[in-house]
Structure formats: structure tokens, C-alpha cells
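Asks:
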Amino acid sequence: MIPLDKYDDYRALCYEALQNDMPEAIQDIYALMLKCRSEYMLNFQQQFQGWVLNKYLMPAIQSPNKLDIFLAWESRNADWKHILRMSLLGGRVGSVARTLRMSLLTFAGQHSKADR
10 MIPLDKYDDY RALCYEALQN DMPEAIQDIY ALMLKCRSEY MLNFQQQFQG
60 WVLNKYLMPA IQSPNKLDIF LAWESRNADW KHILRMSLLG GRVGSVARTL
110 RMSLLTFAGQ HSKADR
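Set out below in C-alpha cells:
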């Protein structure tokens, strides 16, 4: 991977990876950014959970009530952002993002059955 100059370039790479079902790439992008542009570290750590939410978790929910489903899931998994942040720092963001998405999809499936 080639070092990038702008923070937005790192964010765009993360968006692309998440949209292509490659959350493991976030770890590599983060590592590259730390080597080349460590001044972006805090912003990245604070913002990447929102990227995962908007580009990876929410698009997986196939329901017109996706926001309601997510909020109900979040009320039972209130620490998901902290878990995701710690996984970034621990080098496991890809597997943790996949686990969170599976949990959300399982919850969404149960939620839709309850609505029937």
C-alpha cells in the first residue's frame, strides 16, 4: 500500500474496504497511516466506528425499519463502539466488525420474526 497524504484518502480507503466486505483491511490502513501520518491517529480512532456503522453494519440490514432495528440492537450492545475501538488498538478490527455485524443480523432476523 502506498502512503497517502490526506486524511480523506485514508477514510476513502476504509469506506471502500467496508463496502467490499473487507473490514480486515481497516487494520492495514490504520497501520500504514500510523507509519506515515501519525498526526491523524486520534481522528481515525474517534471516527472509524461511524464508518463501520454507516458503511458496514447498517447496509447489512435488509429492512425498511433499519434504524429501529439498529437502535434496539444497540440498546442491548451499548458498548459496541468501545469494543470496536479496542479491537483496532489490539489488531483485531476485522474479526470484531464481522462478529458485530453477525450479531446485528441475527438480532434483525429475530426482530423481523417478532413483527410477523
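Heads up: the sequence shown begins at 10 in the numbering used here, then just goes up one per residue. C-beta atoms are modelled at their ideal positions from N, C-alpha and C, and glycine is treated no differently. Just so you know, these numbers come straight off a predicted model, no measurement behind them.
Please state the DSSP three-state secondary structure of residue 27.
Replies: helix
Asks: Nearest-angstrom Cα distance between residue 11 and residue 102?
Replies: 21 Å
Asks: Which stretch, first to last residue, makes up the alpha helix (DSSP H) that contains residue 88?
Replies: Unbroken run through residue 88: none, as it is neither H nor E.
Asks: Would you grab the beta carbon distance between residue 79 and residue 70 for me? Rounded to a whole angstrom, and I think it's under 8 Å.
Replies: 7 Å
Asks: From residue 33 to residue 77, what does the alpha carbon distance come to, in whole angstroms?
Replies: 28 Å
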